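Below is one structure, written out as structure tokens; comments come after it.
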Amino acid sequence: MKHRLTLPLMLLLTLGLHAQPNRPRVAVVLSGGGAKGVAHISALRVIEEAGIPIDIICGTSMGSLIGGLYAIGYSTDFLDSLVRSQDWTSLLSDRTDPSDLTLRQREEQNTYAIIRGISSDRPQQGGIIRGRNLNRLFRKLCADYPDSISFDSLPIPFACVATDIVTNTEVVFHSGRLFRAMRASMAIPGVFTPVRMGDSVLVDGGLRNNYPADVARRMGADIIIGVTVQGDPLTADEISDAATVMMQIIDINTKNKYLENIATSDVMMKVDVSGYSAASFYTSAIDTLLARGDREARSHWDELLTLRRTHGIDSLPRRATRYTPTRPIAAPQKKGFGHTPIASVGFRFDSEEMGAIQLSGKIALPTRLPMGIAGTVRMGRRIMARAEYSLLTPYAALNPTISYIFRNNDIDLYTQGLRYYNVRYYQHSADIAPLDIRLHLFDIRAGIRWDYFDYYGQLLSYENRNNQLVDDHYFSYHASADLNTENNWYFPSRGTRFHATYAYRTTDFLGFDGNIGINDISAHWRINLSPTQRLTLQPMLYTRLVLSDTVPWAFSNAVGGEWFGHVVEQQLPLSGLGHIEPAAPCVVAAQLQAQYRILDNHYILLRAATLVEADRIDRILALPSAYSLQMGYSYNTLFGPIDLRLGYNTLSRRPYFLLNIGHIF
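Basically the numbering used here = 1-based index in the sequence shown + 706.
Quick look at the structure:
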């Protein structure tokens, strides 16, 4: 019995000697600063290396995120990896992760700049970004702390600060739902939707207390080690536009209690953030800010060691290299329409069409047989309106549809670079697709379609004065398949994209004006090969074969422009040719694009294409009839790409320039 008691007593004595209950309590305080706050991670790592135990951690805005995650056990190595690996463009938006979308939904997300649910409840507006993706990330990272708790019970006691813009007061979170407190502390006014709690409307805590050292003191801190990433106020010469005016207003407001809190700190680390802003979430900026945070913290190395020695602070065991939540977040439901009405807005500008805007809405109807309706309107030089009715079957991927499309087109046609024809027409299309399967990477659709073309305006050159178009209608049986495994809609670096369509076109459901119907086959296939991290080679083959002795103008081939079906449905692109030109019934083309990423979301593009056309498929092996070259620069933004293109082709033998801003529709 005596020996059994000896070991526990020795352990208790050892723990008692090392517990040092009378040692000072150390707090780390982290300021707000948006992207600049990633420097906090490096500073925390140096504090750890110096052997300083952290008993309390407080933060504001980005400091609340880094501090809160550190407080529940995430290591600095994990946090470093986390900020480097995020797709910040998507994270700081409301765009759904593509892995949770069908192929059709991915296309919608890359068509519309704004996608919003419309609710009859009290609107949760007040910012451009609702922060849906941030909420999802915060919930995932805090999965072991989903309920309302006291933040004093965390592995490291924690507090963060928000601002109530109803009462213009500081709100300090010592308890509650951890992920929601961090989200409120980061809600930059006008950018992120505020967090509503009761009668409070909470935004970024930096407006009242951007460096909450006083909060740490009230929590019992004896020693404060502070890290601030707040830059110096702009000078009069530096305030030159709306963005710098807003930055200055925010910086002035974040000075509340800032200097007096700085004065109460025992060790103060002020990271050099010159050249970077709260929005600098690109890779090179994050790398630099992490390096500057490390450099600033190491410049205080002697102070940290002196602090340990003077106050008798012993080092604690190193934290685990990674903390992993034990409660995974359930994947979101993959819904087609959903019961909340969805409204979407897309806008674009290009030097050919000038401006265009597209509006869309969809909702599921609360009927016994589930149904969804959707509508789309496009306004610009080309006008389009679409109404769609879908039967929402128990099988989420199967959605039989009936749709009607109205188009009002104003088209210039060229031959060898000279305009010879202008046509204005209404096109009415009704489509019944009993087979409409929408999957994550794959779509299959089949049905029957009616088209009516009403040519209300034709301007012909003298040489073509006899080529008047006559109003007519057609019935078509069609089937199509789409596959898309590319990792980015506009600038992929891996994966493949494939599309194939077959249509049998008639005037009476059986044949075409007493003859056999028109067989219409089209396809394109692109793959992405990346020999380096920045360079991607994208070979693409595409074709359209219209097999008939007589092909009406409505279905004849047209080549030119940047994108498939952009001006007319049967359009085949030819880089370097800005307008569209008529082509023979059988066209086969190839394109090779070299895509080089020079910076995050900045690309240099080089394209070369060749095209073969013939009036019959057995003559398609003739020599190419056209070549084109193009070079360009693109910047990928949340609201779609910004493109500058300069090209040349052997059809028009003229240089071609294009400016495009916004999503493609």
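Glycine included, every Cβ here is placed at the ideal spot set by N, Cα and C.
None of the values given here were measured: they were computed from a predicted structure.
Opening and closing residue of the beta strand (DSSP E) in which residue i lies
| i | result |
| --- | --- |
| Gln792 | Per DSSP, Gln792 belongs to no beta strand (DSSP E) and is neither H nor E. |
| Ile929 | Ile929 to Thr934 |
| Ile763 | Ile762 to Thr766 |
| Asn1190 | Asp1178 to Asn1190 |
| Met1090 | Ile1089 to Leu1097 |
| Ser1109 | Thr1107 to Thr1121 |
| Thr869 | Phe864 to Asp870 |
| Asn1342 | Ala1332 to Thr1343 |
| Cys848 | No beta strand (DSSP E) contains Cys848, which DSSP labels as neither H nor E. |
| Val1252 | Leu1241 to Leu1253 |
Neighbourhood of residue i by C-beta, 7 Å cutoff - its chain only, sequence neighbours within 5 removed
| i | result |
| --- | --- |
| Phe844 | Phe885, Met888 and Arg889 |
| Tyr851 | Ile778 and Leu884 |
| Arg1360 | Gly1123 |
| Arg1240 | Tyr1302 and Arg1303 |
| Gly1338 | Leu1311, Asp1349, Leu1350, Arg1351 and Leu1352 |
| Glu1319 | Ala1289, Ala1290, Cys1292, Val1293 and Ser1331 |
| Asp870 | Val877, Ser906, Val907 and Leu908 |
Three-way DSSP call (helix, strand, coil) for residue i in this model
| i | result |
| --- | --- |
| Trp1269 | coil |
| Ser1236 | coil |
| Ala733 | strand |
| Gln1276 | coil |
| Asn839 | helix |
| Met903 | strand |
| Asp993 | helix |
| Gln1164 | strand |
| Ala1037 | In this prediction, Ala1037 scores a pLDDT of 41, lower than 50, which makes its location untrustworthy; no coordinate-derived value is stated. |
| Pro804 | helix |
| His681 | The chain is shown only over 707 to 1371; residue 681 falls outside these bounds and no answer can be derived. |
| Thr1073 | coil |
| Pro727 | For Pro727, the predicted structure reports a pLDDT of 47, less than 50, and the residue's modelled location is therefore unreliable. The matter cannot be settled from this model. |
| Gln811 | helix |
| Arg1125 | strand |
| Ser1358 | coil |
| Ser781 | coil |
| His1017 | helix |
| Phe857 | helix |
| Thr941 | coil |
| Asp1321 | coil |
| Thr1012 | helix |
| Glu1059 | coil |
| Ser980 | coil |
| Gly912 | helix |
| Gly1201 | coil |
| Leu1175 | coil |
| Asp1214 | coil |
| Trp1231 | strand |
| His1329 | Note that residue 1329 is Leu in the sequence shown, not His. In the structure shown, Leu1329 sits in coil (DSSP, three-state: anything other than H, G, I, E or B). |
| Pro829 | Note on Pro829: pLDDT 49, under 50, position unreliable in the model; no value is reported. |
Supposed contact pair residue j and residue i - C-beta distance, whole angstroms, cut 8 Å
| i | j | result |
| --- | --- | --- |
| Val1294 | Ile1286 | Between Ile1286 and Val1294 the Cβ distance is about 18 Å, and since that is not below 8 Å, they are no contact. |
| Leu1011 | Val744 | Not a contact, Cβ separation roughly 26 Å. |
| Ala1080 | Pro1106 | That pair is no contact at about 14 Å. |
| Pro804 | Arg812 | 5 Å |
| Ser1340 | Pro1347 | 5 Å |
| Thr1202 | Glu1192 | 7 Å |
| Gln1244 | Gln1299 | 4 Å |
| Tyr964 | Val735 | Not quite, the Cβ-Cβ distance comes to about 11 Å (not below 8 Å), so this is no contact. |
Residues near residue i by beta carbon distance below 8 Å, same chain, minus five either side
| i | result |
| --- | --- |
| Ile758 | Val732, Ile931, Leu1010, Leu1013, Arg1014, Ile1019 and Ser1021 |
| Arg1087 | Glu1059, Met1060, Ala1062 and Asp1116 |
| Ile753 | Val734, Ile760, Ile931, Ala1003 and Leu1010 |
| Leu1235 | Thr1242, Leu1243, Gln1244 and Pro1245 |
Where the alpha helix (DSSP H) through residue i begins and ends
| i | result |
| --- | --- |
| Phe964 | Contrary to the premise, residue 964 reads as Tyr rather than Phe in this sequence. Element bounds for Tyr964: Tyr964 to Ala969. |
| Phe885 | Leu884 to Ser891 |
| Ile753 | Ala745 to Glu755 |
| Ser923 | Note that residue 923 corresponds to Arg in the displayed sequence, not to Ser. Per DSSP, Arg923 belongs to the alpha helix (DSSP H) from Ala919 to Arg924. |
6 Å Cβ shell around residue i - same chain, five flanking residues per side excluded
| i | result |
| --- | --- |
| Phe1371 | Thr817, Gly1052 and Gln1064 |
| Ala1260 | Phe1159 |
| Ile927 | Residue identity check: residue 927 is Ala in the sequence provided, not Ile. Cβ neighbours of Ala927 beyond the five flanking positions: Arg731, Ala733 and Ile762. |
| Ser1182 | Arg1155, Ala1209 and Arg1211 |
| Ser770 | Cys866, Met888 and Ser891 |
| Arg1125 | Asp1118 |
| Arg836 | Asp800 and Thr899 |
| Asp978 | Arg998 |
| His880 | Phe857 and Ala865 |
Cβ of residue i within 8 Å of any chain B Cβ
| i | result |
| --- | --- |
| Ser748 | Structure shown: chain B not included; a single protein chain is present. |
Proximity test, residue i beta-carbon vs the ligand NAD heavy atom, cut-off 7 Å
| i | result |
| --- | --- |
| Arg1001 | Judged by which ligands are present, the structure shown has none, so any question about the ligand NAD falls away. |
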